[in-house]
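Numbering (the numbering used here), first residue to last: 66 to 411. For glycine and all other residues, C-beta sits at the position ideal for the given N, C-alpha and C.
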Amino acid sequence: MQEDEIIKNLNKCSRCALCIQNCPIFQIKKDENNTARGLICKLLGYEKKILSEKEIKKNLKICLNCSKCKENCPSKVNTTLIFAYKNAKFNPSKISQRLFLAAKLLPLKILYILNVFKKEKKKNIKSNVLYFKGCVAKAQHKTTFLDKIFKSEQFLCCGLPYLASGDIKNYEKAKKKNIELIKKASKVVFDCASCKKAVSEYEELNEKEKNKLEFLTDFLLEKKLKLKENSKYKNKTVIFHKPCHMDKNDFKKIETFLSNIEGIKYLKSKDENLCCGFGGSYFIYHPIIATKIAYKKALLIKKEKANLILTACPACTIGLRYGQIISFNFKKTLELRDFIESELTI
Ligand code: SF4
Ligand code: SF4
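Here you go:
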């Protein structure tokens, strides 16, 4: 994001405060310096040379980059991208994020390498719809049912982990390669809300190209999927955790999709806006704040008395599982894609 674009966005803020209520960090810290409005005022103060870098750095670092402020902003300030770029400037990653991520994802990398040696039937898929398989999904599954329906091209990481940790160089590299593939595709299907969000924020994509990006439920809504006869979730209550990065329309479609599945009872969550607290690597840098948010979410889930928690982002899955452990609830948590694959007749 260019500096003039950042300034233009900062000046769009009307100080209405609609971004504050749902900010998960404000809910924990009760300090307006850590909200979008507070950060915008501070960044403008820095531009006018009233505030120093030191007075902003800490607040920027604590932002979860969850996008809730952006979602609620009537002036359409691109808060998340501004905060990520400014954070990268003031708090650049000290070690290579590639190495850091490689170490963090080592168990998954091992699974990924093992997957390479697994035999796979040759596919003959003619459509030009591409499946954006995220890094975690690639490691967990050699093939998912989406690999069998759509072409799986080698997209790189969506870039969000790099951007959030101040590694703009690797973010730009991943973005460039992914854009090349998107331009050639007729559509791109995602099963992770955070990957979709990160890709839809690539500034180089025009509206027509952004309209190619779809969530998997867009395809599934056309089909009438049933619970398998032997499913252990027959007549069970299911809730869906909306990842912070999930588009509202995608969420509505998921709710319709889940409500239409015969054999399960879909329960609408009482507070769909509550964050899981994990935020990718946020947990590693800010474990206390992350734990407080995860616990709050877990208590709400406990009250809802569901048998199964579904979501659509691997980081949320980890955050929700962690919340279950610290609240002694131990409810099964699955990604929507895996639930569809193992429990529904596709
Ligand atoms: S909602 Fe948007 S316009 Fe209102 S204070 Fe927050 S960032 Fe500024
Ligand atoms: S991105 Fe999330 S944590 Fe950061 S200011 Fe906006 S609402 Fe708060």
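| query | So, do the stretch 297-304 and the stretch 357-377 have three or more beta carbon pairs nearer to each other than 8 Å? | reply | The answer is yes - the stretch 357-377 touches the stretch 297-304, with three or more Cβ pairs under 8 Å.
| task | Would you mind stating whether Asn394 and Lys367 have Cβ atoms separated by less than 8 Å? | result | Residue mapping note: residue 394 aligns to position 329 of the sequence shown, counting from 1. Residue mapping note: residue 367 aligns to position 302 of the sequence shown, counting from 1. Closer than 8 Å, so yes.
| Beta-carbon proximity of Lys198 to Phe220, cut-off 8 Å | Your numbering for residue 198 matches position 133 in the sequence shown. Your numbering for residue 220 matches position 155 in the sequence shown. For Lys198 and Phe220, yes; Cβs fall inside 8 Å.
| Do Lys262 and Ser140 come within 8 Å of each other at the CB atom, strictly closer than that value? | In the sequence shown, counting from the first residue as 1, residue 140 sits at position 75. In the sequence shown, counting from the first residue as 1, residue 262 sits at position 197. For Ser140 and Lys262, no; Cβs fall outside 8 Å.
| request: Report the residue from Gly328, Thr144, Ala204 and Asn130 whose alpha carbon sits nearest the alpha carbon of Cys341. | output: Taking the sequence shown and counting its residues from 1, the one referred to as residue 341 is at position 276. When only C-alpha atoms are compared, the closest one is Asn130.
| Heavy atom of ligand 1 less than 7 Å from the Cβ of Val264, yes or no? | The sequence position of residue 264 within the sequence shown is 199, counting from 1. No.
| request: Tell me whether Ala359 counts as near ligand 2, meaning its Cβ is closer than 7 Å to at least one heavy atom of that ligand. | output: Indexing the sequence shown from 1 puts residue 359 at position 294. Not under cutoff, so the answer is no.
| Residues near Leu286 in its chain [Cβ-Cβ closer than 7 Å; skip 5 each side] | Indexing the sequence shown from 1 puts residue 286 at position 221. Excluding residues within five positions, the ones whose Cβ falls inside 7 Å are Lys318, Thr321 and Phe322.
| field | Of the residues Lys107, Thr145 and Glu218, the one placed nearest Arg80, counting alpha carbons only | value | For the purposes of this step, residue 80 is taken as the residue at position 15 of the sequence shown. It is Lys107.
| Helix, strand or coil at Glu218 according to DSSP, with G and I counted as helix | Reading the sequence shown from its first residue, position 153 is the one you call residue 218. Of the three classes helix, strand and coil, the one that applies to Glu218 here is coil, per DSSP.
| said: Does Phe155 come out as helix, strand or coil in the three-state DSSP assignment? | reply: For the purposes of this step, residue 155 is identified with residue 90 of the sequence shown, where counting begins at 1. In this structure, Phe155 counts as helix in the three-state DSSP scheme.
| Under the criterion of a Cβ to heavy atom distance below 7 Å, does Leu108 qualify as lining ligand 2? | Mapped onto the sequence shown, residue 108 falls at position 43. No - ligand 2 has no heavy atom lying nearer than 7 Å to the Cβ of Leu108.
| query | Are the Cβ atoms of Cys128 and Asn99 separated by less than 8 Å? | reply | The residue labelled residue 128 in the question sits at position 63 within the sequence shown. The residue labelled residue 99 in the question sits at position 34 within the sequence shown. Yes, the Cβ-Cβ distance between Cys128 and Asn99 is below 8 Å.
| Which term fits Ser217, buried or exposed, when burial requires 16 or more other beta carbons within 10 angstroms of its beta carbon? | Locating residue 217 in the sequence shown gives position 152, where the first residue counts as 1. That one is buried.
| query | Do Ala101 and ligand 1 come close, with the Cβ less than 7 Å from some heavy atom? | reply | Within the sequence shown, numbered from 1, the residue matching residue 101 stands at position 36. Checking every heavy atom of ligand 1 against the Cβ of Ala101, one is found closer than 7 Å.
| Taking the runs of the beta strand (DSSP E) that are 3 residues or longer, which of them lie wholly in the stretch 238-309? | For the stretch 238-309, whole beta strand (DSSP E) runs of length 3 or above, ordered along the chain, are 252-255, 278-280 and 302-305.
| said: Among Phe343, Glu406 and Val201, whose alpha-carbon lies nearest the alpha-carbon of Lys293? | reply: Position 228 of the sequence shown, counting from 1, holds the residue named residue 293. Looking at the Cα atoms, Glu406 is the closest of the given residues.
| query | According to DSSP, what are the bridge partners of Phe197? | reply | Locating residue 197 in the sequence shown gives position 132, counting from the first residue. DSSP lists Phe255 as partners of Phe197.
| task | Give a single yes or no on whether Asn130 has its beta carbon closer than 7 Å to a heavy atom of ligand 2. | result | Position 65 of the sequence shown, counting from 1, holds the residue named residue 130. It does: the Cβ of Asn130 is within 7 Å (strictly closer) of some heavy atom of ligand 2.
| message | So, for Ile354: in the same chain, excluding its five sequence neighbours on each side, which residues have a beta-carbon less than 6 Å away from its beta-carbon? | response | Numbered from its first residue, the sequence shown carries residue 354 at position 289. The beta carbon of Ile354 is closer than 6 Å to those of Ile93 in its chain, skipping five residues each way along the sequence.
| message | With distance defined between alpha-carbon atoms, name the residue in Pro352, Arg102 and Glu245 nearest to Leu270. | response | Position 205 of the sequence shown, counting from 1, holds the residue named residue 270. Among Pro352, Arg102 and Glu245, the Cα nearest to that of Leu270 is on Glu245.
| For Thr410: DSSP bridge partner residues | Along the sequence shown, read from residue 1 onward, the residue named residue 410 stands at position 345. DSSP lists Lys291 as the bridge partner or partners of Thr410.
| For Ile349, the residue or residues it bridges with in DSSP | For the purposes of this step, residue 349 is taken as residue 284 along the sequence shown, with counting starting at 1. Partner residues in a beta bridge of Ile349, as assigned by DSSP, do not exist.
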